[in-house]
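Numbering (my numbering), first residue to last: 40 to 211.
Glycine included, C-beta positions come from ideal geometry on N, C-alpha and C.
See below for the structure under consideration.
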């Protein structure tokens, strides 16, 4: 919003990685290029546009910005609202479920911790639990008998503590 008002926005310098930049369209008459950038998180695409303009000696800014991937999710795998409505019309909520990705895909970069039901019960009641093969620190994906139940964190005593748990229809 500040940039649209003509105000300079200072961006904090950070280490980023640009894996690829591809020129996907060039319109000499309009003085416009279209690029596709594959980059690490924290990359300011507007800064890349500005830097390219400086290098080319003509200035640069963004007309449109579209995110094609975020982590494990890509635009190719996305489902439109219209497609979800059509699926519901054709097959009800089971058909909608078939269009959706599993919840744990959003956190699949975290190590997985498998819990037997008797241990998961304590965790679901808010109690940290000891797990033999848990990582030494950080966040983990939690599974009860193979089913995703949430995210936990390793506490100071090397126990797995609940952080965010999934509430199921049965309330457990």
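Where does the unbroken beta strand (DSSP E) through residue i begin, and where does it stop?
{"i": "residue 28", "result": "Outside the displayed span of the chain (40 to 211) sits residue 28, for which this structure offers no information."}
{"i": "residue 183", "result": "178 to 183"}
Answer with yes or no whether the minimum CB distance from residue i to chain D is below 8 Å.
{"i": "residue 107", "result": "Any reference to chain D falls outside this structure, which holds one protein chain only."}
Between residue i and the rest of its own chain, which residues show a CB-CB distance below 6 Å, the 5 nearest in sequence each way excluded?
{"i": "residue 82", "result": "55"}
{"i": "residue 67", "result": "none"}
{"i": "residue 179", "result": "149, 150, 152 and 191"}
Quick one, which of the options has its alpha-carbon nearest residue i's?
{"i": "residue 188", "options": "107, 79 and 206", "result": "206"}
{"i": "residue 92", "options": "105, 71 and 76", "result": "71"}
Just verifying my parser: in three-state terms, what is the DSSP assignment at residue i?
{"i": "residue 173", "result": "coil"}
{"i": "residue 191", "result": "strand"}
Near residue i, what residues of its chain come up, given a Cβ to Cβ distance below 8 Å and the 5 sequence neighbours on each side ignored?
{"i": "residue 197", "result": "169, 173 and 175"}
Where do the ends of the alpha helix (DSSP H) carrying residue i lie?
{"i": "residue 127", "result": "120 to 138"}
{"i": "residue 90", "result": "84 to 95"}
The region 160 to 178 / the region 134 to 141 touching (three or more Cβ pairs under 8 Å): In short, these stretches do not touch, since the Cβ pair count stays below three.
Is there contact between the region 181 to 189 and the region 152 to 160, where contact requires at least three CB pairs shorter than 8 Å? Output reads yes: the region 152 to 160 touches the region 181 to 189.
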